[in-house]
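Engineer: In this note's numbering, the protein residues as written are 218 to 460.
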């Protein structure tokens, strides 16, 4: 009876996770992998759905950016920029909200007080400096007049220190679709917070990138299913009626 109940609710990724563990004991490895990769159908109301794009800035996305080399392999393997740009246009046309979440620091990076970790590395490397090419959006991901640009991101989570939650709630958003950089850092931090704020979260495996393909895939395989519905750009486009 429990298994039947779970199978009737495949749209919940956590439920799918439970189903996988229940059935994995009796299925061969190849079949288990197929089960996890099966395309999932679901529907999203465009008026209640927002695409939240995290740090699609030249520092990450463009050759010449200080961090481009670190994420290049993952970007190219998953066709991240093209996928994200296409989905952004589809969701915008479908009537979804599109929010851009950049990070930038004044010259000198005095806003950062961390002595270790990724923020200390940003300060030391003088990356994402405000009003420079490095902090500008990738040309294909530039905000349009109807889009919203989130203000105040100085750390890892897209909510902490920003007006993201305010903007989402002002628009009556219930579904948050996440894409961007880095998969196992800012995307994961934002995903967890969005989940705890009560949003239904959707993470895009083919529109996010980490500093290695292994790290990217490990985050989705082991962590993301607990806090989001793991999906693809094609699935989300279909869900909002854009494909």
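Glycine residues also receive a C-beta, built at the ideal position from the N, C-alpha and C atoms.
Which residue wins for smallest C-alpha separation from residue 410, given the options 382, 280, 453?
Structural biologist: Numbered from its first residue, the chain shown carries residue 410 at position 193. Measuring from the Cα of residue 410, the nearest candidate turns out to be 382.
Engineer: Please state if the CB of residue 453 and the CB of residue 165 are separated by a distance shorter than 8 Å.
Structural biologist: With the chain covering only 218 through 460, there is no way to say anything about residue 165.
Engineer: In chain order, what are the residue ranges of uninterrupted alpha helix (DSSP H) at least 4 long that sit wholly in the region 252 to 298?
Structural biologist: List check, alpha helix (DSSP H) in window: 275 to 278, 285 to 295.
Engineer: Under 8 Å Cβ to Cβ from residue 290, same chain only, skipping five residues before and after it: list those, please.
Structural biologist: Here residue 290 corresponds to residue number 73 of the chain shown, with the count starting at 1. Answer for residue 290: 429, 430, listed in chain order.
Engineer: Hey, how far is the Cα of residue 444 from the Cα of residue 415?
Structural biologist: For the purposes of this step, residue 444 is taken as residue 227 along the chain shown, with counting starting at 1. For the purposes of this step, residue 415 is taken as residue 198 along the chain shown, with counting starting at 1. For residue 444 and residue 415, the distance between alpha carbons rounds to 11 Å.
Engineer: Taking residue 407 as part of the alpha helix (DSSP H), name the residues at either end of that continuous run.
Structural biologist: The residue given as residue 407 occupies position 190 in the chain shown. Residue 407 -> alpha helix (DSSP H) spans 405 to 413.
Engineer: Under the three-state reduction of DSSP, which class applies to residue 364: helix, strand or coil?
Structural biologist: As a position in the chain shown, residue 364 is number 147, starting the count at 1. Residue 364 falls in the coil class under three-state DSSP.
Engineer: Looking only at C-alpha atoms, which of 311, 376, 267, 424 sits nearest to residue 407?
Structural biologist: Working through the chain shown from its first residue, we reach residue 407 at position 190. Looking at the Cα atoms, 376 is the closest of the given residues.
Engineer: How big is the Cα-Cα spacing for residue 297 and residue 271?
Structural biologist: Position 80 of the chain shown, counted from the first residue, corresponds to residue 297. Position 54 of the chain shown, counted from the first residue, corresponds to residue 271. Using only the alpha carbons, I get a separation of about 12 Å.
Engineer: If we ignore side chains and look at the alpha-carbon of each, how far apart do residue 251 and residue 438 end up?
Structural biologist: Along the chain shown, one-based indexing puts residue 251 at 34. Along the chain shown, one-based indexing puts residue 438 at 221. Because the pLDDT of residue 251 is 35, which lies under 50, any placement of that residue in the model is unreliable, and the question is left without a value.
Engineer: Terminal residues of the continuous alpha helix (DSSP H) containing residue 424?
Structural biologist: Position 207 of the chain shown, counted from the first residue, corresponds to residue 424. Looking at the DSSP string, residue 424 is not in any alpha helix (DSSP H); the run it does join, the beta strand (DSSP E), is 417 to 426.
Engineer: Find the nearest neighbour of residue 352 within the set 341, 362, 319, judged by alpha-carbon distance.
Structural biologist: Position 135 of the chain shown, counted from the first residue, corresponds to residue 352. Out of 341, 362, 319, 319 has the C-alpha closest to the C-alpha of residue 352.
Engineer: Count the C-beta pairs between the region 321 to 337 and the region 380 to 397 that are closer than 8 Å, then say yes if the count reaches three, no if not.
Structural biologist: They do not touch, by the three-pair rule.
Engineer: At 4 residues or longer, what runs of the alpha helix (DSSP H) sit wholly inside the region 288 to 348?
Structural biologist: For the region 288 to 348, whole alpha helix (DSSP H) runs of length 4 or above, ordered along the chain, are 297 to 311, 334 to 342.
Engineer: Using a threshold of 8 Å, state whether the C-beta atoms of residue 386 and residue 267 are closer than that.
Structural biologist: Locating residue 386 in the chain shown gives position 169, where the first residue counts as 1. Locating residue 267 in the chain shown gives position 50, where the first residue counts as 1. For residue 386 and residue 267, no; Cβs fall outside 8 Å.
Engineer: Going by other Cβ atoms of all chains shown within 10 Å of its Cβ, with 16 needed for buried, is residue 294 buried or exposed?
Structural biologist: Counted from its first residue, the chain shown places residue 294 at position 77. Under this definition residue 294 is an exposed residue.
Engineer: Given that a residue counts as buried once 16 or more other Cβ atoms are within 10 Å of its Cβ, and exposed if not, what is residue 314?
Structural biologist: Within the chain shown, the letter at position 97 stands for residue 314. The residue is buried, with at least 16 neighbouring Cβ atoms inside 10 Å.
Engineer: How is the beta strand (DSSP E) around residue 395 delimited, first residue to last?
Structural biologist: Numbered from its first residue, the chain shown carries residue 395 at position 178. Its beta strand (DSSP E) spans residues 392 to 398.
Engineer: Excluding the 5 residues flanking residue 228 on each side, which residues of the same chain have their C-beta closer than 6 Å to its C-beta?
Structural biologist: Position 11 of the chain shown, counted from the first residue, corresponds to residue 228. Here residue 228 scores only 49 on pLDDT, less than 50, and its place in the model should not be relied on; the value that follows carries that caveat. Result list for residue 228: 259, in chain order.
Engineer: Beta-carbon separation of residue 448 and residue 358 under 8 Å?
Structural biologist: Along the chain shown, read from residue 1 onward, the residue named residue 448 stands at position 231. Along the chain shown, read from residue 1 onward, the residue named residue 358 stands at position 141. Contact: no.
Engineer: For residue 459 versus residue 269, is the C-beta distance shorter than 8 Å?
Structural biologist: The sequence position of residue 459 within the chain shown is 242, counting from 1. The sequence position of residue 269 within the chain shown is 52, counting from 1. No, these two residues do not count as a Cβ contact at 8 Å.
Engineer: Here's a check: name, in chain order, each residue in its chain whose Cβ is nearer than 7 Å to the Cβ of residue 456, leaving out the five neighbours to either side.
Structural biologist: Indexing the chain shown from 1 puts residue 456 at position 239. For residue 456, where only same-chain residues beyond five positions count, the Cβ hits under 7 Å are 259, 260, 261.
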